[in-house]
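Residue numbers (numbering that gives the first Met the number 0), protein chains in the order written: chain A, 0 to 484; chain B, 0 to 484. Ideal Cβ positions, reconstructed from N, Cα and C, are used throughout, including at glycine. Just so it is clear, the structure is predicted and the values come from calculations on it, not from any experiment.
Number of protein chains: 2
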Amino acid sequence: MTGTFFGNTDALRERYGKITPEILREIQEAAGAKNVVAGDPEALESYASDEAGIMFTSMPDAVVKAESAEQVAAVMKVASKYKIPVTPRGAGSGLAGAAVPLCGGIVLSLEKMNRILEIDPVNRVAVVEPGVVTNELCKAVAEQGFLYAGYPMSTETSFIGGNVATNAGGGKVIRYGNTRRHVLGLEVVLPTGTVLNLGGRIRKDTWGYSLMQLMVGSEGTLGIITRVIVNLEPKPGKTVNLLVAFPDLDSAVDSVAKVVRTGISVISCELMDKLSVNIAASHVNTVLPYQDRADAFLLIQIEGDSDERLEEGYEKVGTLCLENGALEVFVAESRTESGMIWNIRQNLAEAMRAHDPYCSLSGDMVVPLSTVPEMVEEIRKAGKERGIAVGILGHIADGNLHPIIFKPAGMEPMEWAEYAEAFYDDLTSVAIRLGGVGSGEHGIGYVKMPIFLHSKPAEEIEIMRGIKRSFDPDGILNPGKLLGS
Amino acid sequence: MTGTFFGNTDALRERYGKITPEILREIQEAAGAKNVVAGDPEALESYASDEAGIMFTSMPDAVVKAESAEQVAAVMKVASKYKIPVTPRGAGSGLAGAAVPLCGGIVLSLEKMNRILEIDPVNRVAVVEPGVVTNELCKAVAEQGFLYAGYPMSTETSFIGGNVATNAGGGKVIRYGNTRRHVLGLEVVLPTGTVLNLGGRIRKDTWGYSLMQLMVGSEGTLGIITRVIVNLEPKPGKTVNLLVAFPDLDSAVDSVAKVVRTGISVISCELMDKLSVNIAASHVNTVLPYQDRADAFLLIQIEGDSDERLEEGYEKVGTLCLENGALEVFVAESRTESGMIWNIRQNLAEAMRAHDPYCSLSGDMVVPLSTVPEMVEEIRKAGKERGIAVGILGHIADGNLHPIIFKPAGMEPMEWAEYAEAFYDDLTSVAIRLGGVGSGEHGIGYVKMPIFLHSKPAEEIEIMRGIKRSFDPDGILNPGKLLGS
């Protein structure tokens, strides 16, 4: 590869200080020498990109693997003193480039802060460090009879801190909401090194402007999250997974609003089109029933208080889908069958990447449920007009769609990156016209920044810049992301 | 009355322009002459206070009853040009003085913007103007099979816009969350007159800093809400109301965490102590069973998918309360009985005011559920030490307590106001020490501002001031509230 899509960042970099040997020593004193990586390109390289893809790469000058909020605060004081850019990083599983150190400087990795500090059954919260893997938290609280309701598709790898920073969504949003709904408290280190405690083990809080809500989804541009208090839900009742095969995409899409309207408690409703399923099923060496004949699948999880209610629920959903043209409705009879279906959904991103390392996974638009059919049609049209293969999947009951596109053979990577950006920008504009937004869960990072800035009224962006300045007057936190500068 | 608790606001008023006859003409042109009240003290007087009480009164110079966002925007442009203070006002049912025009100027009343614009069953939202009475919305969506889950105790009078501005809570927060959770979109007029549209008919949104979340609970200091898109929930299953009489406050309080732990779906769990019940029951001419013997009541509403599940639920909750010392558990057998019980709870504030017009209703602290017994004990102790009567009620399963205090006979109103403020300030400090905050649903307004500013780290307040400046550089929106200046 001869270049990255970031191109020349010299102008932005010039605003910041460089890490001299003296400054490096101060950083080492702040975080402990063993927690600082510098001068070793091989060790630094894995902090140069995230899941936005290989086109989005930028090397850090140093990586700090902090072990405590105190260390984070001490490092921020040094960074503040010398105006060194700092890019906070969770698992690096983000799809928008938010964890890529665009201007070099320090990557502040939270990977060592990975302890579940407390599960508090009376207040129904867990207190965790930001580097806890989402699924580890889910398992730990399940053992005590609770549900942590965050469920990004990257649950096996993503960190809670990153989930908060991107307001992660995933497969259970229709029932439980995005990560935002489950954040009750945050400990945050400001660029100055001051530590703020926002919220707490409480569910009501009307005590000034909600800086906590502002932190959620701020993608490491306002502060560094060093502790999270999350809401725990009671475990759901009994659940069942349905896999519904449709002869065409339209009838699948059409069924969704009808399923939601039944009032049955739907926990998940995922759409996968033929191309997506073919790539993912082959990646995990499996074949879905009707895979040869179906053009689209819905994966629906529903819950019920009792076996009877559950059966009533899936009978109703199944009948509705069949009336709407479904080829067949499969009720997963066992945990293995359920696991097999969800395995395909969870491995979609990885499978796409294995299929084409240049495939673009950044599409993440959200539209009102009533306009999903129109959005899906626009995605298909855009692929056809540009002559590129598009896989369509998404958390469709939330109106959240992930069109995935593959680089045509022979196209140069740099050309492809621009091509992909233009493709998504056009579709984002469509989503906004339909009353939606450009991202439901991935965030803006670097990848969506141009269209984001373009899509918002100037005064709204100015207010956001004012907010950014209020938290980070020198702009050292994650520069070049979200608002661009 | 010889004065108000605001005292002399001359210094603050001096920062702002005065409404001259010329400016008044411009305001009349902006909003239509028929929508502007000025020069008529009697007509202005009802806009001089809210439910914070008669000590908190300040006359506006003009009241604008806007009919549209366009009129609001036009008025804001005039106000901006001449630096006239503008205090947005919903129903005036707030308990923190946020709707009182501390510096005179314009009260911008949203009372005429009271239309339910649309109930959209596919996207499960309602689109409403800010002046819609909460309960009117509840009734309208119920007719279409939906639930609007906001339920402040002032549901019969408060406006949706005010609910959003204070992030109102109420009796169903344990099940459905505060108003924040149900706001999906806002149309907001900025001080410059620019109209922003935030969010929409969507449930996922990670598209830049969430200005919408920031608006919720900002108490009219950042922008004027002119349209709200609210989430609609499916109607709950069957519900039942239990009234549980306890011989003492402690056993009632103790029972709450246990009830919550059962995992049974609790929609409401309200605490009322003897003093509160006596005043409220007499006000509505009724007597609760065991009222003579009980020292405290819990009002518990639970839901279930079916009659069997519901019965199972209330048997379990009832048994648990009895094991915990309850005198008796009454299951409301009819809608009339349920109505009677809830009527007492809903009329508590009015009853208190009728009992003592100087009673203070501003207490609204929130603590973690695990520390509720300690908080209740501290409230009792504070009352005893100061020799004043305290009624204790609250949304206790949320840890949200409303201690209510009554002016001792013979105490001068001004002395009493200071006395009440000191009382709440001390208890707020206790709540914060226990991991809570000073307000769960009423907001800060003017009443809680001193303790709020005192309780927060300086850097956090500075960030909030930066946010305020980003929205409202001239500080014309609701001056003297929340952040004080």
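Here DSSP, grouped into helix, strand and coil, assigns A:Y357 to coil. Taking 8 angstroms as the upper bound for CB-CB distance, A:G444 and A:G93 are in contact here, some 6 angstroms apart. Every beta strand (DSSP E) of 3 residues or more that sits fully in the region 192-228 of chain B is shown, in chain order, as 194-198. Relative to B:I263, the option among A:A32, A:R114, A:D304 whose CA is nearest is A:D304.
The Cβ-Cβ distance between A:L287 and A:M374 does not fall below 8 angstroms.
Three or more Cβ pairs drawn from the region 103-110 of chain B and the region 52-71 of chain B lie within less than 8 angstroms of each other, which places the two stretches in contact. Following the DSSP letters along the chain, one finds B:L452 inside the alpha helix (DSSP H) bounded by residues 448-454. For B:H394, the number of other beta carbons within 10 angstroms of its own is at least 16, and it is reported as buried. Inside the region 113-186 of chain B, DSSP marks whole beta strand (DSSP E) runs of 3 or more residues at positions 115-119, 124-127, from first to last along the chain.
Against B:V365, the close residues of chain A are G199, I201, R202, K203, D204, T205, W206, in the order they occur along the chain (beta-carbon pairs closer than 9 angstroms). Going by beta carbons, A:I403 and A:S281 fall outside the 8 angstroms limit. Contact between B:N346 and B:V389 is ruled out by a C-beta separation of about 19 angstroms, above the 8 angstroms threshold. Under the three-state reduction of DSSP, B:S254 is assigned to helix. If you check the CB distance, B:K315 and B:C358 do not come in under 8 angstroms.
Scanning B:T8, B:S67, B:L368 for the CA closest to the CA of B:A29 turns up B:S67. Taken through DSSP and simplified to helix, strand or coil, A:P472 comes out as coil. With a cut-off of 8 angstroms on Cβ pairs, the region 442-459 of chain A is not in contact with the region 179-187 of chain B, counting fewer than three such pairs.
An exposed status is given to A:A32, since fewer than 16 other beta-carbon atoms sit within 10 Å of its beta-carbon. The shortest C-alpha to C-alpha distance from B:K480 to any of A:A256, A:T238, A:W206, A:V265 is the one to A:W206. C-alpha of B:E376 to C-alpha of A:F158: approximately 40 angstroms in a straight line. Annotated three-state conformation of A:E314 is helix, per DSSP. A:F422 carries a helical assignment under DSSP once its states are collapsed to helix, strand and coil. Distance from the Cα of B:V188 is smallest, within the candidate group B:N240, B:P449, B:V85, for B:V85.
Setting aside the 5 residues that flank it on each side, B:N399 is surrounded in the same chain by V365, G393, G439, each with a C-beta closer than 6 angstroms to its C-beta; the list follows chain order. Here the C-alpha atom of A:E307 lies approximately 16 angstroms from the C-alpha atom of A:L241. Every alpha helix (DSSP H) of 4 residues or more that sits fully in the region 378-441 of chain B is shown, in chain order, as 412-432. Using a Cβ distance threshold of 8 angstroms, B:Y289 and B:A244 count as a contacting pair. Rounded to whole angstroms, the gap between the alpha carbons of B:Y418 and B:N277 is 24 angstroms. The alpha-carbon of A:I18 is positioned some 21 angstroms away from that of A:A97. If you ignore the 5 residues before and after B:E232, its C-beta comes within less than 6 angstroms of the C-beta of L146, A148, all in its own chain and listed in chain order. A:S250 sits away from A:G317, with the two beta carbons spaced by 8 angstroms or more. Comparing alpha-carbon positions, the option among B:A396, B:K380, B:D473 lying closest to B:V252 turns out to be B:A396. Between the region 159-178 of chain B and the region 124-136 of chain B there are three or more C-beta pairs closer than 8 angstroms, enough to call the two in contact.
In the three-state reduction of the DSSP assignment, B:G303 falls in the strand class, which pools E and B. Identification of chain B residues near A:G216 by a Cβ-Cβ cut-off of 7 angstroms yields T205, S209, ordered along the chain. Note that the C-beta distance between B:T133 and B:P120 is not below 8 angstroms.
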